[in-house]
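Asks:
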Amino acid sequence: VLILDHLKAGFNIAKIFRSAEIFSIKKIYIIGTKEFNPFPAKGAIRRVPFEFRDSLEEVILEIVSETEVFVLDTHTDFFLHNSTLPKKCAFIFGNEEMGPQLNEDTDRLVTKIKIKQFGKTESLNVSVAASIACYEYIRQNSSF
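Going by my numbering, the first residue of the sequence shown is number 41, and it counts up by one from there.
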């Protein structure tokens with residue numbers, strides 16, 4: 041599952057749909073963004089179930105009993121490639137400028153991880169980060 045928290049309505053959401061479809065992601069929750077241009081998804085939007093939701097907290101509380109929830113956060117010391125990703129997991133990707141908006145209650149319910157980077161740029165584009173997380177999930181949970 042992918043959870044997109046208040047992403048800008050530009051092309052990132054649609055690009056994430058393309059990666060989600062390629063890696064057989066089961067569902068996308070779109071939080072706080074009411075519409076986006078589906079054209080860059082190149083049809084993948086028809087093959088990946090999704091829901092618009094108003095509240096990140098609502099989604100986390102709904103799925104956390106059956107799904108381990110990871111949030112991509114550049115300020116943690118735990119890396120995606122060193123994490124064990126269970127079959128049922130979700131990744132939260134936050135707004136391109138503000139990051140994920142967790143409150144005190146939901147912050148304790150998620151595991152913070154980051155993608156190892158080597159350059160000086162602080163973060164990856166959110167659609168690229170989603171693609172990397174989806175690939176790592178499939179790498180760990182399927183036999184090629």
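Every residue, glycine too, gets a C-beta built ideally from N, C-alpha and C.
Inspect the CB distances between the stretch 172-179 and the stretch 120-129 and report whether three or more fall short of 8 Å.
Replies: Because the criterion of three Cβ pairs below 8 Å is met, the stretch 172-179 and the stretch 120-129 touch.
Asks: Alpha helix (DSSP H) containing Ile-103: first to last residue?
Replies: Ile-103 -> alpha helix (DSSP H) spans 96-103.
Asks: Could you pull out every residue in the same chain whose Cβ sits closer than 8 Å to the Cβ of Asp-145, ignoring the five residues on either side in sequence?
Replies: Only Glu-97 meet the Cβ criterion.
Asks: With respect to the alpha helix (DSSP H) encompassing Phe-51, which residues constitute its N-terminal and C-terminal limits?
Replies: Run containing Phe-51: 51-62, per the alpha helix (DSSP H) assignment.
Asks: Indicate whether Phe-133 and Leu-44 have their beta-carbon atoms separated by less than 9 Å.
Replies: A contact, by the Cβ cut-off of 9 Å.
Asks: Find the nearest neighbour of Ile-68 within the set Leu-101, Thr-116, Ala-60, judged by alpha-carbon distance.
Replies: Answer by Cα proximity: Ala-60.
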